[in-house]
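Colleague: The structure is given below, and queries will be raised subsequently.
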Amino acid sequence: DLRAFFGGKKQEPEQNGHANGAAPNGGVKKRTADLAIYEQYEQQARQPEMRAAAIRDGNADVIQKPLLPQFESAEMRNLAETLLRDIIRGSPDVQWESIKGLETAKRLLKEAVVMPIKYPKYFTGLLSPWKGILLFGPPGTGKTMLAKAVATECNTTFFNISASSIVSKWRGDSEKLVKVLFELARHHAPSTIFLDEIDAIISQRGEARSEHEASRRLKTELLIQMDGLTKTNDLVFVLAATNLPWELDAAMLRRLEKRILVPLPEAEARHAMFKELLPAMTSNLEVPYDILVEKTEGYSGSDIRLVCKEAAMQPLRRLMSVLEASDELVPEEG
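If you use this note's numbering, the sequence shown corresponds to residues 1052 to 1385, in order.
Right, dumping it as structure tokens:
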């Protein structure tokens, strides 16, 4: 039968130990990659029957897609399992309101990603949604926060990908990881693939003769997969972020059709950040927000947060000095 063909056998429990590290319970089935593939096919074969039963019971939303799609080999499945850790389960829980300023960037992202998912019938033909979006700007301005807000608003599957996710030391595995990544994204559509610091993955080709062959193959596979997104109706978006847009390859820039500048926060946004991070503790104490806004011209959102953290440390340092001098124990809250 199929289970025997895929390598699923019963393993007799050992007399003085446990088979496969599990407690003896009449035999433990040997977990192999082939058996895992068999169980995957078996689960998917039961999907129509399970969905029909759920619809009869009024629980149609309970049945979800299997975690992995069908793969042609156990090797591809193993590569897919390494990418599962980069999927953010559930919603990142970042709201648009939690991002101060950046109104233009938020509006453009809503037009490019959120609206096509909410109102797909309006985005057809020439108005078909963009498949590649580039967020560029100085460091610490909120590009990653914007990407998470998109995933929260759209309730999409969010793949948080960095260079370490798709680069392997084994020959040929990097290209396969890229291919598997896009297959997973299509399987879990609507989905968002967030490529943070994309300049580290696909910089300009041909400038340095020392570029390794494996690096060129990885870049080529990524370009091919992104080109395939524009020829399908799958709701898969590639959202890339970089601080160095001039370092990107020209072919990648062509595929990142929508490019959104994420600038340094303006005075109004800086005022809102200070008001949230350094609230007035009492009605008699007024924080000089206007002076802080004036002094932080050219600061990024990350810089402002560090400034507020350093300001909050000042009274704590004084308290620590008093406690250290008097050798008193810090009272516990109770």
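Just so you know, even glycine gets a beta-carbon here, dropped at the ideal spot from N, CA and C.
Tell me, please, which residues DSSP counts as bridged to Leu1312.
Modeller: For the purposes of this step, residue 1312 is taken as the residue at position 261 of the sequence shown. In the DSSP output, where bridge partners are listed per residue, Leu1312 has Phe1187.
Colleague: How about Ala1202 and Ser1142: are their beta carbons less than 9 Å apart?
Modeller: The sequence position of residue 1202 within the sequence shown is 151, counting from 1. The sequence position of residue 1142 within the sequence shown is 91, counting from 1. Going by C-beta atoms, Ala1202 is nearer than 9 Å to Ser1142.
Colleague: Does Ile1212 pass the burial test, meaning 16 or more other C-beta atoms within 10 Å, or should it be called exposed?
Modeller: Position 161 of the sequence shown holds residue 1212. Classification of Ile1212: buried, given that the 10 Å Cβ count is 16 or more.
Colleague: I believe Ile1244 touches Val1287 by the beta-carbon criterion, under 8 Å. Please report the beta-carbon distance rounded to the nearest angstrom.
Modeller: Indexing the sequence shown from 1 puts residue 1244 at position 193. Indexing the sequence shown from 1 puts residue 1287 at position 236. Contact flag correct, Cβ pair sits at about 7 Å.
Colleague: Report the option in Leu1235, Thr1195, Lys1199 whose CA atom is closest to the CA atom of Arg1128.
Modeller: In the sequence shown, the residue the question calls residue 1128 occupies position 77. Here the closest residue by C-alpha is Leu1235.
Colleague: Where does Ser1124 land, buried or exposed, given buried means 16+ other C-beta within 10 angstroms?
Modeller: Indexing the sequence shown from 1 puts residue 1124 at position 73. So Ser1124 counts as exposed.
Colleague: Just the C-alpha distance for Leu1135 and Lys1182, rounded to the nearest angstrom, thanks.
Modeller: What you label residue 1135 is simply residue 84 of the sequence shown in a count that begins at 1. What you label residue 1182 is simply residue 131 of the sequence shown in a count that begins at 1. Taking the straight line joining both Cα atoms gives about 22 Å.
Colleague: Just to confirm, is the Cβ distance from Val1313 to Leu1186 under 9 Å?
Modeller: Along the sequence shown, one-based indexing puts residue 1313 at 262. Along the sequence shown, one-based indexing puts residue 1186 at 135. It is a contact, given that the beta carbons lie within the stated cut-off.
Colleague: Is it buried or exposed for Glu1204, if we count other Cβ within 10 angstroms and need 16 for buried?
Modeller: Stepping through the sequence shown from its first residue, residue 1204 is reached at position 153. Glu1204 should be labelled buried.
Colleague: Taking 8 Å as the threshold, find out whether the stretch 1218-1236 comes into contact with the stretch 1319-1338 through three or more Cβ pairs.
Modeller: no
Colleague: Report yes if the C-beta of Leu1232 is less than 8 Å from at least one heavy atom of the ligand GDP; otherwise report no.
Modeller: As presented, the structure is devoid of all ligands, the ligand GDP included, so that no description of it is given.
Colleague: Return the chain-ordered list of same chain residues with a C-beta closer than 6 Å to the C-beta of Gln1163, the five sequence neighbours on each side being excluded.
Modeller: Position 112 of the sequence shown, counted from the first residue, corresponds to residue 1163. Residue identity differs from the one stated: residue 1163 is Ala in this sequence, not Gln. Counting only Cβ-Cβ distances below 6 Å, and skipping sequence neighbours, we find Trp1181, Ile1184, Lys1309.
Colleague: Taking 8 Å as the cut-off, does the stretch 1165-1173 touch the stretch 1335-1344 (at least 3 CB pairs, one atom from each stretch)?
Modeller: no
Colleague: When burial is assigned at 16 or more other CB atoms within 10 Å of the CB, is Gln1276 buried or exposed?
Modeller: Position 225 of the sequence shown holds residue 1276. By the 10 Å Cβ count, Gln1276 comes out buried.
Colleague: Can you grab the Cα-Cα spacing for the pair Lys1161 / Leu1197, in whole Å?
Modeller: Sequence index remark: in the sequence shown, residue 1161 carries index 110 (1-based). Sequence index remark: in the sequence shown, residue 1197 carries index 146 (1-based). Distance between the alpha carbons of Lys1161 and Leu1197: 10 Å.
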